[in-house]
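The structure appears below as structure tokens.
In the working numbering, the protein residues as written are 1 to 290.
Structure, rendered in structure tokens:
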């Protein structure tokens, strides 16, 4: 993974729903650096093998495996099979999933923690028949999103529901299976500490004492894994927290301090640079959606 400047990592997707059926010709979907989105992501592997990571865990996934990445959660991936990486990537907002759900089936449950301590990467495995069916639905979903005609809005709703009902049913019926966590230990411990102490002092000296490793070594490990420096990652995490708080209805001035910034002008400038909107603009856009 190579490092780049963190810029607009939170606005890679400009729709409430997006579906892409892709091959190895497009090796990464947004960036090979660690990043997050305002909306949920579903990765369905059609062929190849991939190490899929979130900030808390990682798994090796292959054909038939489905990974569920909740909104705001930072994630990245490494392709294991250099010549094969065929997949379906669906991004969908929580609001759309809630509207599509019924009293008997919550289509957003795949993204919810199993319990209050759960931070694992949620996955299921599909058999070949289900893969082929979902593949056909995904092709139609992508076509109607990207090239809409009269009635496409109805078809988008229908194909999304067909896909989500099938994978949600599988998710609900599948027992939890432990699989090896491939997230490097020092990276895991560093990210967990940052997450737990995000609004506190997170200088290298503090991390050294908490992680029990030299600060330079910690920085190098995080940079190699995520493509981001520790400082870039911390700022990106704070901005992600700010986005969530704004979407929950808190005022921009309150969010500034709740997300660990010390003054509003710095917060607003940093937020606008990374998100592409000011805190106030995001708050207003969220109100419009609701």
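Ideal placement from N, C-alpha and C gives every residue a C-beta, glycine not left out.
Every value quoted in this text rests on a predicted model; they were computed, and no experiment measured them.
Would you kindly work out how many angstroms separate the C-alpha atoms of residue i and residue j, rounded to a whole number?
{"i": "residue 215", "j": "residue 200", "result": "17 Å"}
{"i": "residue 19", "j": "residue 137", "result": "10 Å"}
{"i": "residue 116", "j": "residue 212", "result": "27 Å"}
{"i": "residue 274", "j": "residue 182", "result": "29 Å"}
{"i": "residue 147", "j": "residue 41", "result": "21 Å"}
{"i": "residue 170", "j": "residue 198", "result": "35 Å"}
{"i": "residue 71", "j": "residue 39", "result": "4 Å"}
{"i": "residue 283", "j": "residue 243", "result": "9 Å"}
{"i": "residue 102", "j": "residue 95", "result": "13 Å"}
{"i": "residue 254", "j": "residue 278", "result": "14 Å"}
{"i": "residue 152", "j": "residue 128", "result": "28 Å"}
{"i": "residue 241", "j": "residue 217", "result": "27 Å"}
{"i": "residue 100", "j": "residue 85", "result": "30 Å"}
{"i": "residue 205", "j": "residue 220", "result": "15 Å"}
{"i": "residue 112", "j": "residue 118", "result": "9 Å"}
{"i": "residue 130", "j": "residue 162", "result": "11 Å"}
{"i": "residue 144", "j": "residue 15", "result": "13 Å"}
When DSSP labels each residue in this structure, what does residue i get in the three-state scheme?
{"i": "residue 91", "result": "strand"}
{"i": "residue 50", "result": "strand"}
{"i": "residue 55", "result": "coil"}
{"i": "residue 275", "result": "helix"}
{"i": "residue 41", "result": "strand"}
{"i": "residue 103", "result": "coil"}
{"i": "residue 119", "result": "coil"}
{"i": "residue 286", "result": "helix"}
Mind reading off the beta-carbon distance from residue i to residue j? Whole number of angstroms is fine, and I expect it under 8 Å.
{"i": "residue 62", "j": "residue 123", "result": "About 11 Å separates the two Cβ atoms, so there is no contact after all."}
{"i": "residue 43", "j": "residue 55", "result": "No, residue 43 and residue 55 are not in contact; Cβ-Cβ is about 16 Å, not under 8 Å."}
{"i": "residue 135", "j": "residue 46", "result": "7 Å"}
{"i": "residue 132", "j": "residue 155", "result": "Between residue 155 and residue 132 the Cβ distance is about 19 Å, and since that is not below 8 Å, they are no contact."}
{"i": "residue 234", "j": "residue 194", "result": "6 Å"}
{"i": "residue 17", "j": "residue 92", "result": "5 Å"}
{"i": "residue 121", "j": "residue 67", "result": "6 Å"}
{"i": "residue 51", "j": "residue 77", "result": "6 Å"}
{"i": "residue 261", "j": "residue 238", "result": "7 Å"}
With 16 other CB atoms within 10 Å as the buried threshold, where does residue i fall?
{"i": "residue 164", "result": "buried"}
{"i": "residue 53", "result": "buried"}
{"i": "residue 202", "result": "buried"}
{"i": "residue 266", "result": "exposed"}
{"i": "residue 226", "result": "buried"}
{"i": "residue 251", "result": "exposed"}
Could you tell me whether the Cβ of residue i comes closer than 8 Å to any Cβ of chain D?
{"i": "residue 195", "result": "In the structure shown, chain D does not exist; there is a single protein chain."}
Discussion item. So within the region 228-258, which uninterrupted beta strand (DSSP E) runs reach at least 3 residues, ignoring any that extend past its ends?
Written reply: Correct list: empty.
Practice prompt. Starting from the N-terminal side, write out each stretch of the beta strand (DSSP E) that is 3 residues or longer and does not extend beyond the region 57-91.
Written response: Segments of the beta strand (DSSP E) lying fully in the region 57-91: 58-62, 65-69, 75-79.
Worksheet item: Counting only runs that start and end within the region 160-226, where is the alpha helix (DSSP H) found for 4 or more residues in a row?
Response: Listed in chain order, they are 185-196, 204-211, 215-226.
Fill in: Ranges of the beta strand (DSSP E) found wholly within the region 118-157, counting only runs of at least 3
Counting only unbroken stretches of 3 or more residues, the beta strand (DSSP E) elements lying wholly within the region 118-157 are 122-125, in sequence order.
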